[in-house]
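Let me begin by presenting the structure, written as C-alpha cells, before commenting on it.
Residue numbers (the numbering used here), protein chains in the order written: chain A, -8 to 398; chain B, 2 to 300; chain C, 97 to 417.
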C-alpha cells in the first residue's frame, strides 16, 4: 500500500533507457509543421475551387450577358433568348413566399421561444414540435416538390383535374368563330364544360375590340354578303368554334394547377423551417434582463414580446429572413416538380398562371446539347449570383449597422 | 510560537486522524510530521541547497502592460516555493513563464534571464516542447482528458517515449501510487476520468504530470477549486513530492502557503516584495507590506 | 439651478385616479389569449406539414403497390427499374438506390477529408487574417444554388474527366459526385468547426503543459473529444447529399443501373422523380405512382439519417466538466 516502496519505472530513471526510448523531438516538430501546412493547403483549396468556379462561369457567361438578355423572353434561337420572364417569375415567387412564410415562421418562433408553458405535458409537446421542425429542415426539397404537386397542384384530385378545375373565378369563356371575312367573333359561354355554341340568328357576339354585334347567319351554300358591315357579323350555320378563355388578373381556381401560387406555396414549405430556426436564434440572442425588466413593470407576456423582445430581435430576424429568401431564390428542384419545363415567354399575369424562375430557366438551357444555350445558361447564372450577392450584402449591412448592442 | 501563525506540523497531526484516505497510513509518522518548526527547519538547512530556477532582471508584458517588474529570484531545488499575493499581482504570470505556458497568449513578452537548471528558458532556440517535458504543470481547475484514467496518465509518456505495454502498466501504477490515487482507482483504470471526484481528478492531473519524469512541478492554485478534505490530501501529497521534484506553487490562501511550503515569495503589482524562508516570512517579515498582507490588512 | 417642486407634473397616483385611464384587465386578457391562439395555430401548421408529407407519401405509395404491375416483393427484391418500358415494366428499387448511394459516397469521400482538415485548421491553427479570408469563401460556397453546381459538373467537370480518361460518359456518376461533394463541404466544415471549438481550452492547455505540440493536442485530445459532433455533422451532410436533385438531374444521367463504375451514366432516386415530373403528370398510371414510392423511400432514408444524427449529438455529447 505504501507508495514509496514501489520501485520507480526504469524507463524514467535510467538515463540510458530514457535516451533510447525518447521520441525524436525534431521529428515531432516536423510532423507538426507538415500537418499544419497540409491542413492549410486543403483549406485554401476550397478558396481555389471557388475562384475556378466563378472564373469559369464568368468566362463563359459574360460575353452573352447584355441588356437585351435581361429584357427579352426566351426563344428557340439562342442568340435572341432572354431571361426576362424568369427574372419576373422569381420576383412573383419571392413576394408570395415572403407573404406566406414570414408571418407564420416568426409567429411559430415567438411561441416556441417566448411562451414556454408551465405544465410539463405542454412543454413536452413543444419539445416535440421543435424536434419536428429540425427534422423538416433536413427533408430534401424534391420531396417538398412532390408534396406540393399533390397538395397544391392537383389538390389530391378532389376538385377535378388541371384541365377541368372544379371552381374558378375571374375568367370568362368564349367560343371563338373565324368567319370567312377573317373576322373574329366571340360568344360568351357559361363555363368550360358548356356545350359548343351553334350559330343562331340573332345571338349576341363580341368583337375583339369589345363591340357587341348581332350575328347574321346564312346557310351553307348561301353567297357571302358583300356589305362589309354585314359580312363582319355573318356566320355560316355550320361554323365551328374554338374554345378560349380570358383570365383577369384576379383569376383564381381550385385546384391551383401548375401555377405560380402553387410554386410559391411549395417554396414556402421548403424554407419555413429555416425561417423558424433563424428567428428563434434571433429571439434567443435578446438578453433575458430586458424581458425581466419589462415583466417587472407589470407587462403581460405578449406585451413584453411586442414592445421589448421583438424590436430588439428585429435586425436578427430580418437578416435570417433575407438569408432564407436567398435560399428560396436558388431552389429549383421543387419548382421542377411543380412547373416542369414549359416554354414561357411572358411573366405570369395572374396567380394561377404558368411561370418560370431563374434557376428553372438555367436548368432548361443547361440541359440542352447546344453550346450556345450553355453560354446563355452561364449568363443566367451570373445574373442569379448577382442577385444573391445583393441579398447577402443587404443582410450583412443590416447585421453591421442596425445591430445595436443590447446590453 | 506566535498564535497568529498556523503551525503546519500541528495542523497535519490534527488532520491525519479524520481523513479516511488510504495514504494517511504510511510515512506520515516520520520525522517531518511530528517535529516542531525548529527541528524541521534545521533539517532543511542541512540538505544540499542548489538553485533549480533562477530569475534575473526578469520583466514580462502583456502587450504594453508591464505585468512583472525586475524580478530577481533563486528558487531552490527539491523544495516547495510558494508565490503569494493579492489578485492581479502577477503570481500566476510568473509561474507560467517558467514553462513558457504564456506562449499561448499572443501578446505575452518576456525579457531578462530565466533559467531552469541548464535551460535558458527565454531563448528562442530553446525547444519549448522539451522544456515542458521537464517542467510539469497542474492547473487551478482539474482538466483531465475525456479518456480513461489509464489513458490520462499514459498520455504524456506515450507522446514523449516509445515504451512497451508492460512498461506502461508499471509506469501508470507508479505514477498513481505516487499521487496517492492508486488504491482508489486501481479497479477503475479503464473508466472515464470524468467519473472521479474533484479531488481525485486533481490528483490524477498530478499523476499525469509526474508520469513524464519532470524535474520541476508547477502548481497554479491547485486546491482553490476543491473541498477542504481534498485540499488537505493534496497538500500532504505536495509535501511528499518535494523529495523528488522542485515544486513551485501559487496560492491565494496564506495558510496553505505557510503549511505547505519551505520558501515563500510575496508579490505585489508585479514586484517581488519579499522572498525568504516561509517560517521567517510569516513570523517576522522584513517589509511592511508583507506584514500588512499577512495580517490581513489588504488583499 | 432652480429645483422643480417635488409635486410638479402629474403624479402616478393622480393618473390612476382617473378610472378610464386604466386599461381594463379583462379586455387585455382576452386580447392576449387571442394572440396566443393565433401563435399556436401558426405553430400547429408545422406539425401539419409533417403529417401531410407522411400522409401523402403513404397514401400514394399504397396506390402504387395496389397496382397490378407493382408489388412489394418486386420493389425490394428485383434489381431492374424500367417503369417506362411499355409492356415490360420493372419496379425493383435497387438500381436507383445504388445510384444515389454511389453519388453520395463519392461526395462524402471528397467532402469529409477536406471538410475536416479545413475545420481543424480553422479551429486549431488559423490566425485572424486567414480566418477572415477563409470563412467568407466557405459561406459563399454554401450559398451557391445547386443548379449552378450542376451546370459546373456538366459543362466543366465532365469534359475535363473525359480528357483524362476516355471511359467517361457524357453523363457520369463521378462528376456529379464531386460536385455534390463540394456542395456539402461547407456544411461539414462549419459544423465540425463548431464541435471542435466547443472543446474547452483547458484541455488543450493540459496537452501543452505535458509538452505536446498543437498537432498532439488537435489529433489526440480535441478531435476525439469532439467526435460525436463531427459524426452528426457528417450524417447531416450525407442526408443532404442523398437528397440532392439538380446536380444529378443535370450531370448524372437518367439510366438506372446497378453499377459501381463511376464513369457510367446512372440515375438516382431524385433524378427519377424529376424525370417523371417533367413528363406527363396528368396520366395517373403506375409510373406516376412509382414516383411516390421512390419519394417515400428517399424520405425514410433521409429522415432516419437526420434522427440518428440528432440522437448521436444528444446522447454522446461529451461532458467536459
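Glycine included, every Cβ here is placed at the ideal spot set by N, Cα and C.
Just so it is clear, the structure is predicted and the values come from calculations on it, not from any experiment.
Exercise. Excluding five sequence neighbours on each side, which residues of the same chain lie with their C-beta closer than 7 Å to the C-beta of residue 291 of chain B?
Worked result: Taking the first residue of the second chain as 1, we reach residue 291 of chain B at position 290. When the five nearest sequence neighbours on each side are left out, the beta carbons in the same chain lying within less than 7 Å of the beta carbon of residue 291 of chain B are those of 267, 274, 275 and 282, in order along the chain.
Exercise. So with Cβ pairs under 7 Å, would you call residue 16 of chain A a contact of chain B?
Worked result: As a first step, residue 16 of chain A is located in the first chain; it is residue number 25 there, counting from the start. Yes, its Cβ sits closer than 7 Å to a Cβ of chain B.
Exercise. Which chain C residues are close to residue 268 of chain A, counting only those with a beta carbon under 8 Å from its beta carbon?
Worked result: Position 277 of the first chain holds residue 268 of chain A. Those do not exist, as residue 268 of chain A stays about 11 Å from chain C at its closest Cβ, beyond 8 Å.
Problem set entry | Bridge partners - residue 83 of chain B, DSSP secondary structure assignment | The count along the second chain starts at 1 and reaches residue 83 of chain B at position 82. Residue 83 of chain B is bridged to B/250 and B/265.
Exercise. Are the region 49 to 61 of chain A and the region 215 to 225 of chain A touching by the rule of at least three beta carbon pairs closer than 8 Å?
Worked result: With the cut-off at 8 Å, the region 49 to 61 of chain A and the region 215 to 225 of chain A do not touch.
Problem set entry | Any C-beta of chain B under 7 Å from that of residue 218 of chain C | Position 122 of the third chain, counted from the start, is the residue given in the question as residue 218 of chain C. With 7 Å as the cut-off, residue 218 of chain C does not count as an interface residue toward chain B.
Exercise. Is the number of C-beta pairs between the region 272 to 289 of chain C and the region 207 to 225 of chain C that are closer than 8 Å three or more?
Worked result: Yes, they touch.
Exercise. Mapping DSSP to helix, strand and coil, what is residue 154 of chain B?
Worked result: As a working mapping, residue 154 of chain B is identified with position 153 in the second chain. Three-state DSSP puts residue 154 of chain B in a helix.
Exercise. So which of C/387, C/249, C/373 and C/404 has the shortest CA-CA distance to residue 332 of chain A?
Worked result: By one-based count along the first chain, residue 332 of chain A stands at place 341. Taking each of C/387, C/249, C/373 and C/404 in turn and checking the Cα distance to residue 332 of chain A, the smallest one comes out for C/373.
Problem set entry | Local conformation of residue 55 of chain B per DSSP, three classes | Position 54 of the second chain, counted from the first residue, corresponds to residue 55 of chain B. Of the three classes helix, strand and coil, the one that applies to residue 55 of chain B here is strand, per DSSP.
For this session: With residue 375 of chain C as the anchor, note down where its beta strand (DSSP E) starts and where it stops.
Result: As a first step, residue 375 of chain C must be located in the third chain, where it is residue number 279. Here residue 375 of chain C belongs to no beta strand (DSSP E), and DSSP marks it neither H nor E.
For this session: Determine the chain C residues that contact residue 132 of chain A at a beta-carbon separation under 8 Å, and present them in chain order.
Result: Residue mapping note: residue 132 of chain A aligns to position 141 of the first chain, counting from 1. Ordered by position in chain C, the residues that pass the 8 Å Cβ test against residue 132 of chain A are 339 and 341.
For this session: Tell me where the beta strand (DSSP E) around residue 220 of chain B begins and ends.
Result: Indexing the second chain from 1 puts residue 220 of chain B at position 219. Taken as a continuous stretch (DSSP letters only), the beta strand (DSSP E) holding residue 220 of chain B covers 217 to 221.
Problem set entry | Within-7 Å CB hit, residue 122 of chain C to chain A | Here residue 122 of chain C is taken as the residue at index 26 of the third chain, counted from 1. In terms of beta-carbon proximity, residue 122 of chain C stays away from the interface with chain A, with every pair separated by 7 Å or more.
Exercise. Between the C-alpha atoms of residue 258 of chain B and residue 137 of chain B, what's the straight-line distance to the nearest angstrom?
Worked result: Locating residue 258 of chain B in the second chain gives position 257, where the first residue counts as 1. Locating residue 137 of chain B in the second chain gives position 136, where the first residue counts as 1. For the pair residue 258 of chain B and residue 137 of chain B, the Cα-to-Cα distance works out to about 20 Å.
Exercise. How about residue 346 of chain A: is its C-beta nearer than 7 Å to some C-beta of chain C?
Worked result: Position 355 of the first chain, counted from the start, is the residue given in the question as residue 346 of chain A. Output row for residue 346 of chain A: interface = no.
Exercise. Would you say the region 381 to 399 of chain C touches the region 307 to 321 of chain C, given that touching needs at least three Cβ pairs under 8 Å?
Worked result: By the Cβ rule, the region 381 to 399 of chain C does not count as touching the region 307 to 321 of chain C, because fewer than three pairs are nearer than 8 Å.
Problem set entry | Contact list for the region 124 to 149 of chain B against chain A, Cβ threshold 7 Å | Considering only beta carbons, the part of the region 124 to 149 of chain B lying closer than 7 Å to chain A consists of 128, 130 and 131, in chain order.
Exercise. From the DSSP output, which residues share a beta bridge with residue 158 of chain A?
Worked result: Reading the first chain from its first residue, position 167 is the one you call residue 158 of chain A. Bridge partners of residue 158 of chain A: A/245.
For this session: Pull up the distance between the alpha-carbon of residue 94 of chain A and that of residue 395 of chain C, whole angstroms please.
Result: Residue numbering aside, residue 94 of chain A sits at position 103 when the first chain is read from its first letter. Residue numbering aside, residue 395 of chain C sits at position 299 when the third chain is read from its first letter. Using only the alpha carbons, I get a separation of about 27 Å.
Problem set entry | First and last residue of the uninterrupted alpha helix (DSSP H) at residue 169 of chain C | Residue 169 of chain C sits at position 73 when you count from the first residue of the third chain. Per DSSP, residue 169 of chain C belongs to the alpha helix (DSSP H) from 168 to 173.
Problem set entry | Residues near residue 254 of chain A by beta carbon distance below 7 Å, same chain, minus five either side | Here residue 254 of chain A corresponds to residue number 263 of the first chain, with the count starting at 1. Once the five neighbours on either side are set aside, the close Cβ partners of residue 254 of chain A are 84, 326, 329, 330 and 346.
Exercise. How would you list, in chain order, the residues of chain A whose beta-carbon sits under 9 Å from the beta-carbon of residue 398 of chain C?
Worked result: Locating residue 398 of chain C in the third chain gives position 302, where the first residue counts as 1. Those are 129, 130, 131 and 134, listed as they occur along chain A.
Exercise. Mind checking whether residue 244 of chain A and residue 343 of chain A have CB atoms under 7 Å apart?
Worked result: By 1-based counting over the first chain, the position of residue 244 of chain A is 253. By 1-based counting over the first chain, the position of residue 343 of chain A is 352. Contact flag set, yes.
Exercise. Closer than 8 Å, Cβ to any Cβ of chain B: which residues of the region 19 to 48 of chain A, in chain order?
Worked result: Result list: 19 and 20.
Exercise. Looking at chain B, which residues of the region 209 to 237 of chain C have a Cβ within less than 7 Å of any of its Cβ atoms?
Worked result: When C-beta distances to chain B are compared with 7 Å, every residue of the region 209 to 237 of chain C stays at or above that value.
Problem set entry | Touching by the beta-carbon criterion (3+ pairs, under 8 Å), the region 248 to 267 of chain A and the region 204 to 219 of chain A | Not touching, per the Cβ criterion.
For this session: Have a look at residue 114 of chain A and residue 238 of chain C and give me their C-alpha separation to the nearest angstrom.
Result: Taking the first chain and counting its residues from 1, the one referred to as residue 114 of chain A is at position 123. Taking the third chain and counting its residues from 1, the one referred to as residue 238 of chain C is at position 142. Near 34 Å, if we compare the C-alpha coordinates of residue 238 of chain C and residue 114 of chain A.
Problem set entry | CA-to-CA distance, residue 197 of chain B to residue 357 of chain C, given in whole angstroms | Reading the third chain from its first residue, position 261 is the one you call residue 357 of chain C. Reading the second chain from its first residue, position 196 is the one you call residue 197 of chain B. Rounded to the nearest angstrom, the two C-alpha atoms are 53 Å apart.
Exercise. If you pair each beta-carbon of the region 185 to 197 of chain B with each one of the region 211 to 220 of chain B, do three or more pairs fall below 8 Å?
Worked result: With the cut-off at 8 Å, the region 185 to 197 of chain B and the region 211 to 220 of chain B do not touch.
Problem set entry | Terminal residues of the alpha helix (DSSP H) in which residue 63 of chain A lies | Position 72 of the first chain, counting from 1, holds the residue named residue 63 of chain A. Residue 63 of chain A -> no alpha helix (DSSP H), and no H or E assigned at all.
Exercise. Secondary structure at residue 112 of chain B, three-state DSSP: helix, strand or coil?
Worked result: Your numbering for residue 112 of chain B matches position 111 in the second chain. Judged by DSSP in its simplified three-state form, residue 112 of chain B adopts strand.
Exercise. Is the CB of residue 111 of chain B under 7 Å away from at least one CB in chain C?
Worked result: Position 110 of the second chain, counted from the start, is the residue given in the question as residue 111 of chain B. Interface flag for residue 111 of chain B against chain C is unset, since no Cβ pair is found closer than 7 Å.
Exercise. Should the region 64 to 80 of chain A be called in touch with the region 268 to 276 of chain C, which here means at least 3 C-beta pairs below 8 Å?
Worked result: Segments in contact, no.
Exercise. Excluding sequence positions up to five away, which residues of its chain have a Cβ less than 6 Å from the Cβ of residue 317 of chain C?
Worked result: Here residue 317 of chain C refers to the residue found at position 221 of the third chain. Only 299 and 303 meet the Cβ criterion.
Problem set entry | Of the residues A/199, A/200 and A/228, the one placed nearest residue 188 of chain A, counting alpha carbons only | Here residue 188 of chain A is taken as the residue at index 197 of the first chain, counted from 1. Out of A/199, A/200 and A/228, A/228 has the C-alpha closest to the C-alpha of residue 188 of chain A.
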